[in-house]
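Data block below; observations after.
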Amino acid sequence: MIPLVLLFAVSITGLMITASYKLMGGAHFSFISLLHAFTVIILLLWMPFGKLFHVIQRPAQLGVAYYKEAGIEGPKAVCIRSGDEYQSKLHHDDLVEVMKEVGVDFGDHQNLSPAEKRKLIAINQLAVMEDRSFVG
1 MIPLVLLFAV SITGLMITAS YKLMGGAHFS FISLLHAFTV IILLLWMPFG
51 KLFHVIQRPA QLGVAYYKEA GIEGPKAVCI RSGDEYQSKL HHDDLVEVMK
101 EVGVDFGDHQ NLSPAEKRKL IAINQLAVME DRSFVG
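The opening position of the sequence shown corresponds to residue 1 in this note's numbering, with each subsequent residue numbered one higher.
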């Protein structure tokens, strides 16, 4: 019910801006425009928690489905340690590229399967306990 009330408030305050400008010679325009801006902000803040978010979410969900389909049809990423395939190469390469763009580079660690990453953690914890050198 709240999203409907917020949509109604946004549309009414938007119409009030037009009425103030066209019919009332700009009287109370600043207050009405501020009220309209406030109702729009409240609507946008409420949107991720309400049904209106589906307007944005559903098209994005279609994009994710197409991306997953392209990943299934394409080649797989291969672990450099075990040689096992563990995810689509498309997703792996996109993830590595995005991580580099945001300034995070894990080097060859990103080319390990999740199982091999867990094994390396266990191997290195044992190496620390036995005062041996780091395995990477």
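We treat Cβ as the ideally placed atom computed from N, Cα and C, and that holds for glycine.
When DSSP states are grouped into helix, strand and coil, V102 belongs to the coil group. For V135, no alpha helix (DSSP H) segment is defined, and its DSSP state is neither H nor E. Straight-line spacing of the CA atoms in V55 and H109 works out to 38 angstroms.
The stretch 25-42 makes no contact with the stretch 63-83, as fewer than three CB pairs between them are under 8 angstroms. For A115, no beta strand (DSSP E) encloses it; the enclosing alpha helix (DSSP H) starts and ends at 114-129.
If you ignore the 5 residues before and after K76, its C-beta comes within less than 8 angstroms of the C-beta of E85, Y86, Q87, S88, K89, all in its own chain and listed in chain order.
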